[in-house]
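Numbering (UniProt numbering), first residue to last: 1 to 222.
Pasting the structure below:
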């Protein structure tokens with residue numbers, strides 16, 4: 001079983017300093033939610049987010065949703081051959097349990113994640129589906145203890161999906177950014193054994209995940 005980390009993911013509750021902004025309060029009033037319990041989403045909170053620190057990496061929970069859907073519907077995940085973690089922009093880590101079936105509807109996903117941030121875990125019939133903990137990227141690596149750490153970024157050395165998966169062993173960990181723009185933080189980048197660029201074009205996270213998983217499945221299932 002190899003490990004995948006979605007790093008610096010744009011997944012967070014609206015920070016306290018933005019909770020009284022009109023775009024946040026009107027959204028919460030319309031949806032009958034508390035501003036301290038809703039996901040930051042630039043589709044609704046764009047005005048509030050203008051000028052906040054690290055703005056280009058924040059407010060895109062849909063990226064995590066699409067990415068997890070692209071993983072959970074694969075034979076690799078369904079046969080428990082991949083372990084998945086979501087590291088957030090605020091240094092929290094979500095552990096994805098086995099055989100989790102996430103909703104395809106974004107609004108249902110949003111509700112589940114908001115509940116997760118509030119209650120710290122989501123369980124069904126005593127089975128832990130999702131759990132969130134305060135944890136830095138470095139602390140997560142210490143927990144996983146992979147033999148090699150491979151990052152995928154447009155800043156990396158040029159490679160192909162086919163060539164890259166040949167080097168992924170069961171004790172490897174691959175890292176993909178869960179944000180829309182920018183590059184990995186230097187503290188994360190410095191942990192990589194190597195960084196690879198898989199396309200001349202900038203590809204969306206869920207596309208990269210789908211391609212990598214498919215190529216890896218070909219090496220073990222076909």
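Positions of the beta carbon are idealized from the N, C-alpha and C atoms, including for glycine.
With respect to the C-alpha of residue 38, the residue from 101, 59, 199 and 93 having the closest C-alpha is 59. Under a 10 Å Cβ-count criterion, residue 10 is classified as buried, with 16 or more other Cβ atoms of the shown protein chains found around its own Cβ. DSSP places residue 31 in the uninterrupted alpha helix (DSSP H) bounded by 22–31. Per DSSP, residue 151 is one residue of the beta strand (DSSP E) stretching across 148–158. Under the 10 Å beta carbon count, residue 92 is surrounded by 16 or more other beta carbons and is classified as buried. Restricted to the region 84–141, the alpha helix (DSSP H) segments that are unbroken, complete and at least 4 residues in length are 106–119, listed in chain order. Counting only unbroken stretches of 4 or more residues, the alpha helix (DSSP H) elements lying wholly within the region 165–210 are 186–189, in sequence order. Residues 67, 70, 71 and 176 of the same chain have their beta carbon placed closer than 7 angstroms to that of residue 209, with the five preceding and five following residues left out of the count. Residue 139 and residue 87 have their C-alpha atoms some 11 angstroms from each other. Here residue 96 is not near residue 124, since their CB atoms are 9 angstroms or more apart. Only buried fits residue 2, as 16 or more other CB atoms lie within 10 angstroms of its CB.
In this chain, the alpha helix (DSSP H) harbouring residue 67 covers 61–72. In the three-state reduction of the DSSP assignment, residue 18 falls in the helix class. Cβ neighbours of residue 122 within its own chain (closer than 6 angstroms, five residues either side excluded): 116, 129 and 130. In this structure, DSSP gives residue 82 an extended state, which the three-state scheme calls strand. Residue 181 and residue 29 have their C-alpha atoms some 30 angstroms from each other.
Under the DSSP definition of a beta bridge, residue 48 lacks any partner.
Of the residues 132, 199, 107 and 85, the one whose Cα lies closest to the Cα of residue 31 is 107.
The bridge partners DSSP lists for residue 161 come to none.
Around the CB of residue 194, fewer than 16 other CB atoms lie within 10 Å, so the residue is classed as exposed.
The bridge partners DSSP lists for residue 11 come to none.
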